[in-house]
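Below you'll find the structure, written out as structure tokens, and then a few comments.
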């Protein structure tokens, strides 16, 4: 009891320590999470400050750009150049502002996700705090239970001490009783030794009696076995005689039936010989006819093979023509695609020129023609840019920046309009050529389809001819198999006739052997009868000696029962 209570107290201590360790670990984890939250809040505040600074910079830049835009002079070339520079700077600033806004949006999304995660972690922290409070309450309750168990353990220790004093008194009384019992046990052991000696003597006598009984029982069993063996031998001899008589009758019937079957077999063999000779003559005639048919089929097969080879050559030629036409069609389609690309490029150039013309008519003051004389090169074709007249025109336009420049612009526009008209005419001509080429392509495609249909028809005809050839070859193989089977049947008939003759000879030999065995069996029956008479005489003698043996067995059994009863009584006295 004391040990079990101490073990319980130790287990309770361990549980309390484990719970205290868990509570400390939870507190540490809570502290770490609070630190992480503070760090993340600081990062968020830094990002907000950066956003505010960037917004202020953006507003300042916009104000400065608007002021510069208002103070610009639109008449001078220098003001236009400064305006272009300012527009480039504005576009760069706008790009920077957009990049910053995209980064801010990205940071905001990240912060929203992080706030969601922090909310979940805060909920987990609250749950962990509630669990920690529950664990503290459990620890306090376990401490109270441990104090109660200590008090109970002290009370039980006092009870055990009082019980130990009473048990010491009882032990002193029991020792005196044990000494008295030792003396009585020594007396009983002396008596037991005497009884053991008597039992050993009785056991020796009993073993001798058992050996004698075993000898008598063994002799009795041997006699019984001999009698049973004699009876079985008599029964077997009777059964053998009955079976031999039946076999004799069966052999006589079999001999008579064999003689009748031999006569019938001779008649059948003669009839089969006549039939076989007639069949052999018919088979030879059929074989000659089939040889002639095979020769004719070989001739037809060679002719069909030649026709097949010619048809295959024709098909190959048609396939080559089809491949050539396909290559021509692909080349023409590539040319058409190239022409379409050229037309699309020229149409795009015309559209650009029309757009430039419309701009010139609508906004002559703010157009790029006033800013720089080389700005309109992007609207002209490549040939006009490379011409010498155009270079001289550029040099003169740099000198004359006002009136002559505008005149040159009008000339250039007239030139461009002429080129556009010529290109439109070329485009119409190319479209006509494209329509003609597409019509020719369609006709060639139709011709190709007709050629392919012809090729497929030729292939179908070739397949039909091949099937006919295979069918003829199969028919030849079947005819050869039939001729081979007929020759094999002839050989089997000859072998069956010889086998039947051999079976007749073997049956005659078996009849003679059975006659010899019948005589031997008769002699064995006589010997068995003599042995049976001897065994009957021995059995009669054994039956006369049986009552004496039974009396001896009963006497030995009574002795063994008496010995067992005496041994049981001795064992009871010991106990």
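Numbering (the numbering used here), first residue to last: -1 to 573.
Glycine residues also receive a C-beta, built at the ideal position from the N, C-alpha and C atoms.
In this text, all values refer to a predicted model and were calculated from it rather than measured experimentally.
1) Can you tell me whether residue 510 sits near the ligand HEM, meaning its C-beta is under 7 Å from at least one heavy atom of the ligand?
2) In whole angstroms, what separates the C-alpha of residue 428 from that of residue 335?
3) Please confirm whether residue 432 and residue 337 have their CB atoms less than 8 Å apart.
4) Find out if the Cβ-Cβ distance for the pair residue 507, residue 263 is shorter than 8 Å.
5) One question on the structure: do residue 449 and residue 319 come within less than 8 Å of each other, judged by their Cβ atoms?
6) What is the rounded straight-line gap between the Cα of residue 440 and the Cα of residue 463?
7) Can you tell me which of 350, 444 and 15 puts its alpha carbon nearest to the alpha carbon of residue 138?
8) Using 8 Å for Cβ pairs, my map puts residue 52 next to residue 107. What's the rounded Cβ distance?
9) May I have the straight-line CA-CA distance separating residue 282 from residue 268, to the nearest angstrom?
10) Do you know whose CA, among 86, 49, 182 and 89, lies nearest residue 103's CA?
11) Would you mind giving the Cβ-Cβ distance between residue 327 and residue 442, rounded to the nearest angstrom? I have them listed as a contact below 8 Å.
In this structure, then:
1) Looking for the ligand HEM in the displayed structure turns up nothing, as the structure carries no ligands at all.
2) 12 Å
3) yes
4) Contact flag unset, no.
5) yes
6) 35 Å
7) Of the candidates 350, 444 and 15, the one whose C-alpha sits nearest the C-alpha of residue 138 is 15.
8) The Cβ separation is near 17 Å, so there is no contact.
9) Going from the Cα of residue 282 to the Cα of residue 268 covers about 22 Å.
10) 49
11) 6 Å
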